[in-house]
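Down below is the structure, laid out as structure tokens.
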Amino acid sequence: MEKKHKADFDYFLSVLDKADTGPYVEEKDWDRQYITNTIKGLIKKYDISWDKANTAVPYDDSLSDRLFEAGMELAVVSGVYCIDTHRRMVWTREELDKVLANAPTSVVVGTGKDAVTIQKRSPDEHKRVGVIGGPYGIPISEELFFPLTLSYAKERSLDFIENASLLTTYGRDIRAKSPWDSVACWQEVDLIFKAIKEAGRPGMGVGGPNSTASAIGVLTTVSHNGFRPSDWNHNSFMSELKVSYEDLIRSAHFYYTDSYCHNFYNPIFGGFAGGGEGIAIAMVTGMVLMKACLHGDSVNPGPSHAHLSCDTYPEIITSKALAMQALNRNTHLLTSSFARPAAGPGVIDIFYEVAAMHIAGVTSGVAFVKGVQSASGRFAGHCSALECRFMAKVAHAAEKLSRKEANPIVRKLMDKYRDVQKDMRIGKPFNEVYDLNTLEPTSEWMNLYAQACKEMKLLGLPLEGED
Amino acid sequence: MDIQWEEIKNDFLNSLLNDDKDTAIKIAEKTLEKGVTAQRFFESCVTPVLVEIGDRFMRLDIFLPEMIAAAEIVQSVNEKVIRPQIEKTDVGKMESQGKVLLATIEGDLHNIGKNMVNLMLRVNGFEVIDLGTDVPPSEIVEKAVQEDVDIIGLSSLLTSCLPFMKDVVELLKLKGLRDKYKLIIGGAAPTLEFAQKIGVDAQGHTAAEAVTICREIIRSKKLSS
């Protein structure tokens, strides 16, 4: 594994100090003053706005550069809120500039012949984009966990995979912060490694423990005989720009074990950060502050619609594309595009939503694409590897496009689902869209996939190969 | 008495949307000066305006901070104008739609969804006791008894916190209190199947659903009593 670009030890300790010694603030004041009011002011100050009727993928570099400065100002003015100590963790602009300057421009995930390098990309750059696919924490029964995982591991277009969550472990409930957290995550280890071995990809990177949200999973299984330092371990901020001691415990564990760490932050569209303009600023801030606070190797924003929970709502996609351009033009952070569509497997809209998100993301210069957290990730078993196959195909086709070329395609895609997205058509669970004997999609599901590929070509997306 | 309710409602709505507490209070005072009872003002102006605010948030025409600000202004109008008038004249009383205890269950620190439910219930006339996040089952039951609530609403984003919801049901049964409260659950984690399995009264995913469910529970309760 390539040596990580870890922060120096004094800096690592200073971050933990910030959580204990920063200015004391009530959480209510944090939400209203430091997030809502500050963001409203920055939108005006930096003139963050765009023509919403005609823009799906923005390509105004002066706007994305202003957005970057707005995001950096929010990072300095507000910082991060530690919910356990009720303190603001604050950084100076100089500290943040240094953190960004020291960030890696590439990282390796996985080991041996199955290892994959993720590289920094820029807007309109035609370089290859990385692809990570999986059921992204969607809960699934013990019985189906292995076949589901194997179906993803078999997808050769996925560079590495993310995991589902177990609903139970050995027939028992997985109670948060109990020993069952540990048992469930070790069961996840067993099933995941069995699947990638059977798929003939034993060195492929896999997601860190997903069967619990507590730090227990990471502390017990990112260790000897468990998840490897080269695997796809993750850590996150809560919305809005909040962190807990548990998150800082995870970051310490990844720091000391020199483990790969991916960071994500999901602002709420319609929440304290506001609408598209506000979450664009929050996304820039969040990615920079996660690097500064959690020392991750790569970052992702996955804004949630306040009511639908998806991140493919048209205005969110545009806002996210702009935030990614701001970061990819002004930093070398390894950014990513994530698809959490409202539609689920067996519904053609899932392809439209995934395509809109990733065409916007790839042309905006993300280093890799992630997904698919189908049906907003809220319904047990509602996910399949076919939407990830589609994601990979679309992402590589989008490498050939510029933002300007992508804009009309993404607008047309949004028009296909804009009015029906609120219906939350969650489709069918894995075992109804895949044949459990062959672990291949049913013909009905394949037909919708083929139809979607055909429609992508008609829209002008240069998809390669047969459908 | 010629009262232009449409105009008053429109002005009151604008004052809430503009975060203008002083104007909202003045509108209430002026309307009451015309001889309107506090109860009538609440029913004919405050209630429909709050419903409109809730609808706008569900369409995301406005965002969470605007809805919080509107709820806070209405609280001020209540405290400064409506309640003193009722106490002074003792004419009629505003009836709460029902009393709801909310909590994000033990182990889970996520509160945005639960907070949205809180606001939507409040703007729709419910009295809400919000215990916050990571709340142990014993505290939930204790507070439900203390506050004499009608409904207990539990939220969780994480499947690993669902066993604690089951604990609440079992604790209520153990204390012989299960039939005293209606129990509803929501958030990303609990499914309808889970709700049926542990024996709660309802399950939903959105703040709007929570309002519909609570209204229906209170309506049934009133009918049966």
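Chains A and B supply the protein sequences, listed in that same order. Number 466 marks the last residue of the first sequence (numbering that gives the first Met the number 0); no jumps. Number 224 marks the last residue of the second sequence (numbering that gives the first Met the number 0); no jumps. Heads up, the beta-carbon is just placed ideally off N, CA and C, and yes, glycines get one too.
**Message:** Taking 8 angstroms as the threshold (C-beta atoms), are MET423 (chain A) and LEU307 (chain A) in contact?
**Reply:** Within the first sequence, residue 307 (chain A) is the residue found at index 308, counting from 1. Within the first sequence, residue 423 (chain A) is the residue found at index 424, counting from 1. In this structure, MET423 (chain A) lies closer than 8 angstroms to LEU307 (chain A) by Cβ.
**Asked** Starting from PHE337 (chain A) and walking both ways along the beta strand (DSSP E), at which residues does that stretch end?
**Response** Your numbering for residue 337 (chain A) matches position 338 in the first sequence. Residues 335-337.
**Prompt:** How should THR91 (chain A) be labelled, buried or exposed, when 16 other C-beta atoms within 10 angstroms of its C-beta is the threshold for buried?
**Reply:** As a first step, residue 91 (chain A) is located in the first sequence; it is residue number 92 there, counting from the start. Exposed is the call here.
**Request:** Mind checking the region 38-61 of chain B against chain A and listing, in chain order, the residues whose C-beta falls within less than 7 angstroms of any C-beta there?
**Result:** MET57 and LEU59
**Request:** Report yes or no: do the region 351-363 of chain A and the region 147-163 of chain A share at least 3 C-beta pairs separated by less than 8 angstroms?
**Result:** no
**Prompt:** Can you check whether the CB of ARG328 (chain A) is closer than 8 angstroms to the CB of PRO103 (chain A)?
**Reply:** If you number the first sequence from 1, residue 103 (chain A) lands on position 104. If you number the first sequence from 1, residue 328 (chain A) lands on position 329. For PRO103 (chain A) and ARG328 (chain A), no; Cβs fall outside 8 angstroms.
**Message:** Less than 8 angstroms between the C-beta atoms of VAL107 (chain A) and ALA366 (chain A), yes or no?
**Reply:** On the first sequence, residue 107 (chain A) is found 108 positions in, with the first residue counted as 1. On the first sequence, residue 366 (chain A) is found 367 positions in, with the first residue counted as 1. Their beta carbons are not under 8 angstroms apart, which means VAL107 (chain A) does not touch ALA366 (chain A) by this criterion.
**Request:** Can you tell me which of the three DSSP states LYS2 (chain A) falls into?
**Result:** As a working note, residue 2 (chain A) is residue 3 in the first sequence. Note that LYS2 (chain A) scores a pLDDT of 49, beneath 50, so its modelled location is shaky and nothing firm can be said.
**Asked** In terms of DSSP beta bridges, what is ALA102 (chain B) paired with?
**Response** Walking along the second sequence from the start, residue 102 (chain B) turns up at place 103. Partner(s): B:LEU153.
**Request:** Going by CA-CA distance only, name the one from A:GLY274, A:TYR58 and A:LEU240 that's closest to PRO313 (chain A).
**Result:** On the first sequence, residue 313 (chain A) is found 314 positions in, with the first residue counted as 1. Out of A:GLY274, A:TYR58 and A:LEU240, A:GLY274 has the C-alpha closest to the C-alpha of PRO313 (chain A).
**Asked** In the region 113-140 of chain B, which residue ranges form an unbroken beta strand (DSSP E) of at least 3 residues, counting only runs that do not cross its ends?
**Response** 126-129
**Request:** Would you check if the distance between the CB atom of GLU396 (chain A) and the CB atom of LEU326 (chain A) is smaller than 8 angstroms?
**Result:** Within the first sequence, residue 396 (chain A) is the residue found at index 397, counting from 1. Within the first sequence, residue 326 (chain A) is the residue found at index 327, counting from 1. The sequence shown places Ala at residue 396 (chain A), rather than the Glu named in the question. Contact flag unset, no.
**Message:** Here's a check: name, in chain order, each residue in its chain whose Cβ is nearer than 6 angstroms to the Cβ of LYS415 (chain A), leaving out the five neighbours to either side.
**Reply:** The residue given as residue 415 (chain A) occupies position 416 in the first sequence. These residues qualify, in order along the chain: TYR351.
**Asked** For ALA214 (chain A), which residues from the same chain have a beta carbon less than 6 angstroms from its beta carbon, with the 5 sequence-adjacent residues on both sides left out?
**Response** As a working mapping, residue 214 (chain A) is identified with position 215 in the first sequence. GLU245, ILE248 and ARG249.
**Request:** Indicate the three-state DSSP secondary structure (helix, strand or coil) for GLU42 (chain B) in the structure shown.
**Result:** Here residue 42 (chain B) corresponds to residue number 43 of the second sequence, with the count starting at 1. In the structure shown, GLU42 (chain B) sits in a helix (DSSP, three-state: H, G or I).
**Asked** If you scan the region 360-415 of chain A from start to end, which runs of the beta strand (DSSP E) of 3 or more residues do you find wholly inside it?
**Response** Counting only runs of 3 or more residues that sit fully inside the region 360-415 of chain A, the beta strand (DSSP E) segments are 367-370, in chain order.
**Asked** At least one CB of chain E closer than 8 angstroms to the CB of GLY106 (chain B): is that the case?
**Response** Included in the structure are the protein chains A and B, with no chain E among them.
**Message:** Restricting to Cα atoms, I'd like to know which of A:GLY70, A:ALA405 and A:LEU288 is closest to ASN53 (chain A).
**Reply:** In the first sequence, residue 53 (chain A) corresponds to position 54, counting from 1. For the residues A:GLY70, A:ALA405 and A:LEU288, the minimum Cα distance to ASN53 (chain A) belongs to A:ALA405.
**Request:** Can you check DSSP and say which residues form a bridge with HIS304 (chain A)?
**Result:** Taking the first sequence and counting its residues from 1, the one referred to as residue 304 (chain A) is at position 305. Answer is A:PHE268, bridged to HIS304 (chain A).
**Request:** Check whether the Cβ atoms of CYS184 (chain A) and THR219 (chain A) sit closer than 8 angstroms, and answer yes or no.
**Result:** Working through the first sequence from its first residue, we reach residue 184 (chain A) at position 185. Working through the first sequence from its first residue, we reach residue 219 (chain A) at position 220. A contact, by the Cβ cut-off of 8 angstroms.
**Message:** Taking CB distances under 8 angstroms as the criterion, tell me whether THR140 (chain A) reaches chain B.
**Reply:** Within the first sequence, residue 140 (chain A) is the residue found at index 141, counting from 1. As written in the sequence, residue 140 (chain A) is Ser, which differs from the Thr given in the question. Residue-level contact by beta carbon fails for SER140 (chain A) and chain B, as no gap is shorter than 8 angstroms.
**Item:** Continuous alpha helix (DSSP H) stretch holding LEU191 (chain B): start and end
**Value:** Reading the second sequence from its first residue, position 192 is the one you call residue 191 (chain B). For LEU191 (chain B), the enclosing alpha helix (DSSP H) starts and ends at 191-197.
**Request:** Find the residues of chain B that neighbour ASP180 (chain A), judging by a C-beta separation of less than 9 angstroms, and give them in chain order.
**Result:** As a first step, residue 180 (chain A) is located in the first sequence; it is residue number 181 there, counting from the start. By Cβ distance, chain B contributes SER159.
**Message:** Using beta carbons (cut-off 8 angstroms, strictly below), is LEU166 (chain A) in contact with chain B?
**Reply:** Within the first sequence, numbered from 1, the residue matching residue 166 (chain A) stands at position 167. Yes, contact with chain B.
**Item:** Sequence-distant residues of its chain with Cβ nearer than 8 angstroms to ALA209 (chain B) (five each side left out)
**Value:** Mapped onto the second sequence, residue 209 (chain B) falls at position 210. Here the set comprises VAL116, MET119, LEU120, GLY152, ILE183, GLY185 and GLY203.
**Asked** Is the Cβ-Cβ distance between ILE139 (chain B) and LYS181 (chain B) less than 8 angstroms?
**Response** Locating residue 139 (chain B) in the second sequence gives position 140, counting from the first residue. Locating residue 181 (chain B) in the second sequence gives position 182, counting from the first residue. No. Outside cutoff.
**Message:** Against ARG86 (chain A), what residues of chain B qualify as contacts under a CB-to-CB distance less than 9 angstroms, listed in chain order?
**Reply:** As a working note, residue 86 (chain A) is residue 87 in the first sequence. Those do not exist, as ARG86 (chain A) stays about 16 angstroms from chain B at its closest Cβ, beyond 9 angstroms.
**Message:** For PRO135 (chain B), would you say it is in contact with chain A, using Cβ-to-Cβ distances shorter than 8 angstroms as the test?
**Reply:** Your numbering for residue 135 (chain B) matches position 136 in the second sequence. False, the Cβ-Cβ gap to chain A never drops below 8 angstroms.
**Message:** Is any non-hydrogen atom of the ligand FMN found closer than 7 angstroms to the C-beta of ASP7 (chain A), if you look at the structure I gave you?
**Reply:** As presented, the structure is devoid of all ligands, the ligand FMN included, so that no description of it is given.
**Message:** Can you list, in chain order, the residues of its chain with a C-beta nearer than 6 angstroms to that of ALA384 (chain A)? Leave out the 5 residues immediately preceding and following it.
**Reply:** Taking the first sequence and counting its residues from 1, one reaches residue 384 (chain A) at position 385. The answer, listed in chain order, is SER150, TYR151 and GLU154.
**Message:** Just to confirm, is the Cβ distance from GLY277 (chain A) to ILE38 (chain A) under 8 angstroms?
**Reply:** As a working note, residue 277 (chain A) is residue 278 in the first sequence. As a working note, residue 38 (chain A) is residue 39 in the first sequence. The answer is yes: Cβ separation under 8 angstroms.
**For SER297 (chain A), the three-state DSSP class (helix, strand or coil)** = Along the first sequence, one-based indexing puts residue 297 (chain A) at 298. Looking at SER297 (chain A) - three-state DSSP - the assignment turns out to be strand.
**Where SER213 (chain A) sits in the DSSP three-state scheme** = On the first sequence, position 214 is the one that residue 213 (chain A) refers to. In the structure shown, SER213 (chain A) sits in coil (DSSP, three-state: anything other than H, G, I, E or B).
**Inside the region 111-168 of chain A only - alpha helix (DSSP H) runs reaching at least 4 residues** = 141-152
**Request:** Residues of the region 109-130 of chain B with a CB closer than 8 angstroms to any CB of chain A: list them in chain order, please.
**Result:** HIS109, ILE111 and MET115
**Request:** May I have a chain-ordered list of the beta strand (DSSP E) segments no shorter than 3 residues that lie completely inside the region 318-357 of chain A?
**Result:** 335-337
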